[in-house]
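Note that the sequence shown covers residues -23 to -1, 1 to 743 in mature numbering (1 follows the signal peptide of the UniProt record, and there is no 0).
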Amino acid sequence: MERLGIVFLSTLVLVLFHVFVDASQNQKKTYIIHMDKFNMPADFDDHTQWYDSSLKSVSKSANVLYTYNSVIHGYSTQLTADEAKALEQQPGILSVHEEVIYELHTTRSPTFLGLEGHESRSFFPQTEARSEVIIGVLDTGVWPESKSFDDTGLGPVPASWKGKCQTGKNFDASSCNRKLIGARFFSQGYEAAFGAIDETIESKSPRDDEGHGTHTATTAAGSVVTGASLLGYATGTARGMASHARVAAYKVCWTGGCFSSDILAGMDQAVIDGVNVLSLSLGGTISDYHRDIVAIGAFSAASQGIFVSCSAGNGGPSSGTLSNVAPWITTVGAGTMDREFPAYIGIGNGEKLNGVSLYSGKALLSSVMPLVYAGNVSQSSNGNLCTSGSLIPEKVAGKIVVCDRGMNARAQKGLVVKDAGGIGMILANTDTYGDELVADAHLIPTAAVGQTAGNLIKQYIASNSNPTATIAFGGTKLGVQPSPVVAAFSSRGPNPITPDILKPDLIAPGVNILAGWTGKVGPTGLQEDTRNVGFNIISGTSMSCPHVSGLAALLKAAHPEWSPAAIRSALMTTSYSTYKNGKTIEDVATGMSSTPFDYGAGHVNPTAAVNPGLVYDLTVDDYINFLCALDYSPSMIKVIAKRDISCDKNKEYRVADLNYPSFSIPMETAWGEHADSSTPTVTRYTRTLTNVGNPATYKASVSSETQEVKILVEPQTLTFSRKNEKKTYTVTFTASSKPSGTTSFARLEWSDGQHVVASPIAFSWT
């Protein structure tokens, strides 16, 4: 009988497995279909007819969600797994990619960057030139009533603009003006996955119900707004990096995420509309370039002269956590500024500790209140995190609660404390976040503290039978040093796809950034937060990305002839990696010096970038050679480049030869089978510099912390007699020995006495 039971159960499991497999195979998902448009069969008069015919051959019921005409050639649709496989076998189909869901990278800048009062000075172009540049922002949409979209003083919309103001719920043609010159929304991929948009929750229009899109757009190009603040914090003048540039908003992110079919449609339309800069503060899973929708779209945009800036991701401080690492994308990490919002905690043993907060409500009724640790007053295994319903009201009522950071939203933890009867919160970092401090507009009196302070507070609670604490708030503090420091959340290298390309490219302000906000939700984004604010302070590489997007717009206005690669080079080679005292920029996660795997070329320095002296330029053919060096097949390259490319079998392609403004040298790759040899081995990298300044002679210098690799630059002097002249040099790396499991760094600088053209060098041994 027991054996019969086992046989029955085994049979049942097998049946259920096949039912599950059949259901999975019959379940429809969204796919993006890349078509070989230039090899359309002669039977068709129009490529859309061909697309429709190819689709109907595998599914009579499927409909096209989007047709893509610019950044790729193809369409998106919903298919079963079997239908997708069948379609992929058809002639003319380059690839069939399943939908990927991307996420937003959120977690005083003009003055800190040296732009306050400088944008109108002689080394930046006049207002007319600056206002001709258009920044396309792909995000959660836009709140058009924001003062940051005031178009006072702007002239007519640029004649090059081909876009429009798409109407929808709570958004009509009058929502756009001479500042916000275009707005569109893309929801078909999202709705194919989740069904029709619930318009009681979010607007099926370009309107921003979340806040993130308004914040990024106004960071990049918000108009000047005096008297801006968040609930009295960071009071002053708010302005975007390129305050005279025009904004075009493309809503591709919704409550359920940012779907790759919608993102691709937004990029496709933005290129057609005529943007000069594309800003994307989002990221998805790491994929090879021919499978990465953002990388594919960005390649086409860059090939048409559009600068593409993307956030590096918020996966730090772990290594190898970067997003958006294609070499034709400018990848931006995050650093702090010299401004913070202090909160002060006093505990019963007399210890005084510092934290941060944006709380603006009533202060605690008493200066000294009972203090408890959430882990001791909870009814769940993760009660220390103050998750919903985890706290025991009888043990929390009337007390300040210490909650550990992680899992749920920081401000949400305060509501959990409040619901349990608590009167205040101390939000303590764990080892994941170290001593990084991110301020929030909490709904109850709250101070966020770093791991060190948090551990001291918890130790005090554990050793005292009647612990007490006070929380006070210090408003806005300027001149904080050291600054910048690399944010703990900022994703780090090495590059997980191509270790030979150093990423991130650079860092920019991304912590506690004040910018425009939606009128739909309060500053915490929680449903319970009914406060209406015109500006908000939030953090993430989502915030650092639009800083660079706006700065790229300024450089594009100053140098309209520059390619996207030249603009990136100018931003990178003029970035700084040390403070004025010569010490390397710190990493808040470790309290120690950061490295190029954290900050790339360094922290952006826009006033120097406008006049870099020399640039490392790149063309589309250079990027194709790079793909050949990766051993990409002709069909893989065609997915990215949209044309037939056959790599020359008689030519040696090397990733090391890509004319990038930085150097990343994975030692195992560079020295291959000789890496274990005691015999010195040699590898050479070639770079070409283009003069964008006056005639000058530049001399090379190298500073290095490594003893294992000797660095020789030849020639050591480059003389340029005219503008746009190009000169090539070689860097020879000679490895005398091989350490194990280490990294090391160096820096190459070319200087004519006026300009310093700097490139980081990163060595890694596995």
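Ideal Cβ positions, reconstructed from N, Cα and C, are used throughout, including at glycine.
*Is the CB-CB distance between Y167 and W231 below 8 Å?*
yes
*Quick one: give me the first and last residue of the beta strand (DSSP E) that A606 is part of.*
Counting along the chain, A606 falls outside any beta strand (DSSP E), though it belongs to the alpha helix (DSSP H) covering V597 to A606.
*Just the Cα atoms here: how many angstroms apart are residue 748 and K676?*
Examination of residue 748 is not possible in this model, given that the chain is present from -23 through 743 alone.
*What three-state label does DSSP hand W27 in the structure shown?*
helix
*Assuming residue 799 contacts P638 under a Cβ cut-off of 8 Å, what Cβ separation, rounded to an integer in Å, is found between them?*
Any question about residue 799 goes unanswered here, given that the chain covers just -23 to 743.
_Beta-carbon proximity list for S680, same chain, < 7 Å, skipping 5 on both sides_ = A723 and R724
_Cβ-based burial, M569 [other Cβ within 10 Å; buried from 16]_ = exposed
*In terms of alpha-carbon separation, which member of S357, E702, K376 and G375 lies closest to residue 744?*
As displayed, the chain neither begins before -23 nor continues past 743, which places residue 744 out of reach and without an answer.
*Return the residue from the list F574, F697, R155 and G383 that minimises the CA-CA distance to residue 815.*
Within the shown structure, residues of the chain are numbered from -23 to 743, placing residue 815 beyond reach of any answer.
*Given a threshold of 16 other Cβ atoms within 10 Å of its Cβ, counted over all protein chains shown, does Q165 qualify as buried or as exposed?*
buried
*Where E691 sits in the DSSP three-state scheme*: strand
*Starting from the C-beta of M613, find all residues in its chain whose C-beta is less than 6 Å away, skip the five residues before and the five after it, and write them out in chain order.*
H267
_In the DSSP output, which residue or residues are listed as bridge partners for V202?_
A215
*Reducing DSSP to helix, strand and coil, say where G391 ends up.*
helix
*Straight-line gap, L257 to T696 (C-alpha atoms, nearest Å)*: 39 Å
*Boundaries of the beta strand (DSSP E) in which S288 is found, first to last residue*: F284 to S288
*Using the C-alpha atoms, what's the distance from N602 back to G730?*
34 Å
_DSSP state of Y720 mapped onto helix, strand, coil_ = A quick correction: the sequence has Thr, not Tyr, at residue 720. Looking at T720 - three-state DSSP - the assignment turns out to be strand.
*Do you know how far the Cα of N671 is from the Cα of A566?*
42 Å
*Expressed to the nearest angstrom, what Euclidean distance is found between the alpha-carbon atoms of A430 and T423?*
14 Å
*Give the straight-line distance between the Cα atoms of D245 and T667, rounded to the nearest whole angstrom.*
31 Å
*Integer-rounded CB distance, given that V309 should sit under 8 Å from S286*: 6 Å
*How about the segment 510 to 517 and the segment 485 to 492: do they share at least three Cβ pairs that are nearer than 8 Å?*
yes
*In or out: F15 buried (at least 16 other Cβ within 10 Å) or exposed?*
exposed
*Can you grab the Cα-Cα spacing for the pair A225 / I544, in whole Å?*
21 Å
*In three-state DSSP terms, what is D381?*
strand
_From V110, I642 and G323, residue whose alpha carbon lies closest to that of N472_ = I642
*Reduced DSSP secondary structure (H/G/I, E/B, other) of K228*: strand
_Relative to the C-alpha of K139, which candidate in F162, I448 and I111 has its C-alpha closest?_
I111
_Along the chain, where does the alpha helix (DSSP H) containing R545 start, and where does it finish?_
P541 to T550
*State the beta-bridge partners of Q55 as determined by DSSP.*
T7
_Just verifying my parser: in three-state terms, what is the DSSP assignment at C142?_
strand
*Does the Cβ of V202 have 16 or more other Cβ atoms within 10 Å, making it buried, or fewer, making it exposed?*
buried
*To the nearest angstrom, report how far apart R161 and K141 are at their CA atoms.*
7 Å
*Between A303 and G527, is the Cβ-Cβ spacing less than 8 Å?*
no
*Could you check how far apart the C-beta atoms of V248 and A278 are, in whole angstroms? I think they sit under 8 Å.*
5 Å
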